[in-house]
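Accompanying notes for the structure given below.
In the numbering used here, the protein residues as written are 6 to 265.
Set out below in structure tokens:
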């Protein structure tokens, strides 16, 4: 607990990121990734391989943008830096671990951006969604949405549920669905190749394999049939409860395009 508090205090994060909970989420994610290193390893390796597949036959490798770069656990940063002239990491918070992993590459830059488009709504500064993606995405040859899509609605929906209203929004389900769909629409509008990796649903299981609960993490939005899919043991037995584990079903597309 004290280590996490120190991490939060030293984390390079803007005041809005701290107020809205993104800094705290970053600290908790880093702590869980350390505790669950073995359980997460297959998922992280699979996610990195999808990114590598996305870059293999690109006709042009000038700029790659990674959305939701975070800790860089699931991003092959060394491979990207070796193949692209410019690598742009985009997130609400850039934690020290991600900065450390990218430190040796002078071509890597960081950009702080609210990828949910909800910051002004959440802070009471406006009534509408902001830009989902930064302008640099339109210059990219490859844009990677790295285990981000299901994460975008979490804090905004929780804030709406607590407040009862955010601008014109009162329905948490509709709000979450709007955030997920808007991210996919923004990606589909780009001229770049899109590499999409996202968890789609969450299952709680007991030690006998019985399903205790299941949640759709994308609020009913369907990105289409996945090119690749696997299970991610997000919380192994003992992480959240002694006799319960949490498993996410992950879908991935090295070259995603919306289904007509």
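Every residue, glycine too, gets a C-beta built ideally from N, C-alpha and C.
Query, Result
"Buried or exposed, going by whether 16 or more other CB atoms sit within 10 Å of the CB of residue 176?", "exposed"
"Given a threshold of 16 other Cβ atoms within 10 Å of its Cβ, counted over all protein chains shown, does residue 124 qualify as buried or as exposed?", "buried"
"Use the C-beta contact count for residue 81: other C-beta atoms within 10 angstroms, 16 or more gives buried, fewer gives exposed.", "buried"
"Around the Cβ of residue 62, are there at least 16 other Cβ atoms within 10 angstroms (buried) or fewer (exposed)?", "exposed"
"Are the beta-carbon atoms of residue 69 and residue 89 separated by less than 8 Å?", "yes"
"Helix, strand or coil for residue 226? Go by DSSP, reduced to three states.", "coil"
"What ranges does the alpha helix (DSSP H) occupy inside the stretch 103 to 143, keeping only unbroken runs of at least 4 residues that lie completely in it?", "124 to 127"
"Which class does residue 183 belong to by DSSP, given the choice of helix, strand or coil?", "helix"
"So the candidates are 128, 85, 107; which of them puts its Cα closest to the Cα of residue 75?", "107"
"Quick one: Cα of residue 250 to Cα of residue 31, how far?", "21 Å"
"Going straight from the alpha carbon of residue 99 to that of residue 212, what length do you get?", "36 Å"
"Please work out which residues of its chain come closer than 8 Å, Cβ to Cβ, to residue 112, disregarding the five sequence neighbours upstream and downstream, and give them in chain order.", "86, 89, 90, 91, 92"
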